[in-house]
Amino acid sequence: MDKNAFFPLSYGVYIITSKYEENFSGCVVNTVCQITAEDKPKLTVAVNKENYTTELMQKSKKVNIAVLAQDTEFLLIGKFGFRTGRDYNKLEDTMYITGENGIPIITESAVSYIECNILQEIDCSSHILFVLEAQEASVLNNKPALTYDYYHKVLKGKTPPKASSYSR
Ligand SMILES: Cc1cc2nc3c(=O)[nH]c(=O)nc-3n(C[C@H](O)[C@H](O)[C@H](O)COP(=O)(O)O)c2cc1C
11 MDKNAFFPLS YGVYIITSKY EENFSGCVVN TVCQITAEDK PKLTVAVNKE
61 NYTTELMQKS KKVNIAVLAQ DTEFLLIGKF GFRTGRDYNK LEDTMYITGE
111 NGIPIITESA VSYIECNILQ EIDCSSHILF VLEAQEASVL NNKPALTYDY
161 YHKVLKGKTP PKASSYSR
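Here you go:
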């Protein structure tokens, strides 16, 4: 199989967050997808089984999505995309608000956010595909959103092994 065929697939870049009891984590993902456009739109997100965020999503059945801006600092991507929240408080020195659902939302470098309930989990070997239903959503500013293509080609960003897509 020529994995180069996957490179032209398009994605955005997001920070998803979840919390169960006093435990919090969040991670960078590129796999958020809007599936329906009804009153409470459905979305999906694919998250690696080993991510701490996955465990908290499975327990709380809630997740919030921050859509990142094109001018997002690498420091924020580094914190949420290359470190685990198992042994590190990612909220420290990060701008966030608490959503209606009680789960923190990363507002630093975000252009909008969506608060979601988790409806279903689908096992996809290394990853779990979560089916989500939006409960609340808000636009924070009109900055351009960061795309995965821009992250790789312009910012020369890297992707860790746990990301869903093939790494260049
Ligand atoms: C640009 C980028 C995209 C990523 N996309 C995904 C993704 O779609 N799914 C995933 O599970 N991890 C993805 N990751 C990796 C997670 O963000 C990373 O494993 C994180 O450290 C997990 O943190 P946690 O253990 O606190 O949940 C991505 C990372 C980067 C930098």
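Residue numbers (my numbering): 11 to 178.
For each residue, glycine too, the CB sits at the ideal point set by N, CA and C.
What's the C-alpha gap between residue i and residue j?
{"i": "Val55", "j": "Glu146", "result": "17 Å"}
{"i": "Tyr160", "j": "Cys134", "result": "27 Å"}
{"i": "Asp81", "j": "Asn151", "result": "13 Å"}
{"i": "Thr27", "j": "Cys37", "result": "7 Å"}
{"i": "Tyr98", "j": "Met11", "result": "38 Å"}
{"i": "Ser122", "j": "Glu110", "result": "15 Å"}
{"i": "Thr157", "j": "Glu83", "result": "14 Å"}
{"i": "Asp49", "j": "Gln130", "result": "19 Å"}
{"i": "Lys166", "j": "Lys59", "result": "26 Å"}
{"i": "Leu19", "j": "Thr169", "result": "15 Å"}
Please list the terminal residues of the continuous alpha helix (DSSP H) segment that includes residue i.
{"i": "Gly88", "result": "Phe84 to Gly91"}
{"i": "Asp159", "result": "Tyr158 to Lys163"}
Could you give the first and the last residue of the continuous beta strand (DSSP E) run that contains residue i?
{"i": "Thr54", "result": "Lys52 to Asn58"}
{"i": "Gln68", "result": "Not the beta strand (DSSP E): Gln68 falls in the alpha helix (DSSP H), residues Tyr62 to Ser70."}
{"i": "Tyr24", "result": "Tyr24 to Tyr30"}
{"i": "Tyr106", "result": "Tyr106 to Thr108"}
{"i": "Val141", "result": "His137 to Val149"}
{"i": "Glu125", "result": "Ala120 to Cys134"}
{"i": "Val42", "result": "Neither: Val42 is in no beta strand (DSSP E) and is coded neither H nor E."}
Restricting to Cα atoms, I'd like to know which of the options is closest to residue i.
{"i": "Asn127", "options": "Lys29, Ala173 and Leu165", "result": "Lys29"}
{"i": "Val39", "options": "Thr63, Ile45 and Thr46", "result": "Thr63"}
{"i": "Pro171", "options": "Glu143, Asn61 and Leu85", "result": "Asn61"}
{"i": "Glu143", "options": "Ile124, Ala155 and Lys153", "result": "Ile124"}
Would you grab the beta carbon distance between residue i and residue j for me? Rounded to a whole angstrom, and I think it's under 8 Å.
{"i": "Ile75", "j": "Val42", "result": "6 Å"}
{"i": "Glu118", "j": "Thr108", "result": "Glu118 to Thr108, Cβ: 14 Å. No contact."}
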